[in-house]
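Report on the structure given below.
Numbering (this note's numbering), first residue to last: 859 to 1210.
This is the structure we're talking about:
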């Protein structure tokens, strides 16, 4: 169970309430009035806990679970242990995410870290020209610059720095030790600890006698419902803006260069680097440690395998992998061919 010192549980909820919230159907014989007081994995859930099964790999855990109720696909109902309430969904994992938000809403949106909800700490520095809406929280050590605007319900965490002129919308969570400059941030944005938003892009006119710095005169625009992981860096544009599209989710330790533009609902996994002026369409997925050169376009719905190096445009809806990245079926054939070449060597070949 979640440690109550850190997580506030809003339960219990009836199975009927949960089913309505997550868009699931109660299986025949499941009591809609039965109450669940928490969510838990299959192997640790108790009689008042809601769990889920999405991956068939865990069918044995489902058959042995002590959970009070479980979100499952309709075809798994016959595998359920006796007495387990069943909520039927075509996407149990997504339904479980929604159920978890019901029990722990603050964990989906971020909340104050110091217990100062809705207040401006006397230990914060807020410039007299800043506009902090009623209901916003500014924690101790945070610094809010001149003409900054912060919307209602937003939390500015301890020791965060919001530089002059920045705007932050409603119901955002700016975690401790985040720095924000030259940026406009929409509503319901979550930025995790240590992230840096809006610093100089890496722009230099290279040559003798030394490299000349190119002033970076753009901004960072972060649209609604974006989440940015810990220690990720998003550089401001050189002239055009750097734009993070609505609903995009960015993992920890990602580098996004100047002028990059992502579409809506992209997924960018840890240790990925996107070079300047590259564009992503909507719903693009970049797996871990992907590297993208600058000035290319990854079109809508494309997916890039982990540790790939992308040097050319990627067509919409395609899966690419490898270094340099190419269509994933081609890359896999090459891997198999290389493996077979190694297996053709006769035992002892090459020995003297």
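Virtual Cβ for every residue (Gly too), placed ideally from N, Cα, C.
Between the alpha carbons of residue 1158 and residue 1139 lies a distance of about 4 angstroms. If you check the CB distance, residue 1019 and residue 1006 do not come in under 8 angstroms. Sequence-distant Cβ neighbours of residue 903 in its own chain, meaning closer than 7 angstroms and more than five residues away, are 909, 923, 924 and 925. Taking 8 angstroms as the cut-off, the Cβ atoms of residue 929 and residue 882 count as close. At the C-beta level, residue 997 and residue 982 come within 8 angstroms of one another. The shortest C-alpha to C-alpha distance from residue 1151 to any of 973, 899, 872 and 1113 is the one to 1113. Between the alpha carbons of residue 980 and residue 1022 lies a distance of about 20 angstroms. Along the length of the segment 930-976, whole alpha helix (DSSP H) runs at least 4 residues long occupy 950-961 and 963-967, reported in chain order. Beta-bridge partners assigned by DSSP to residue 1119: 1101 and 1137. Take the alpha-carbon of residue 905 and the one of residue 899: they are about 12 angstroms apart.
Considering only 936, 877, 1118 and 1187, the residue with the shortest C-alpha distance to residue 949 is 877.
With contact defined as three or more Cβ pairs closer than 8 angstroms, the segment 944-961 and the segment 986-995 are not in contact. The beta-bridge partner set that DSSP reports for residue 1029 is empty.
Between residue 1128 and residue 1111 the beta-carbon gap is near 5 angstroms, inside 8 angstroms, which marks them as a contact.
Here residue 1190 carries a helix assignment [DSSP, helix/strand/coil].
Residue 1196 sits in a helix when the DSSP states are folded into three classes.
When 1132, 935, 1011 and 1043 are compared, the shortest CA-CA separation from residue 1025 is found for 1043.
Cβ neighbours of residue 884 within its own chain (closer than 8 angstroms, five residues either side excluded): 873, 874, 877, 890, 943, 944, 945 and 946. Counting only residues of its own chain and dropping the five nearest sequence neighbours on each side, residue 1099 has a CB closer than 6 angstroms to the CB of 1076, 1077 and 1079.
The criterion of a C-beta distance shorter than 8 angstroms is satisfied by residue 971 and residue 1034.
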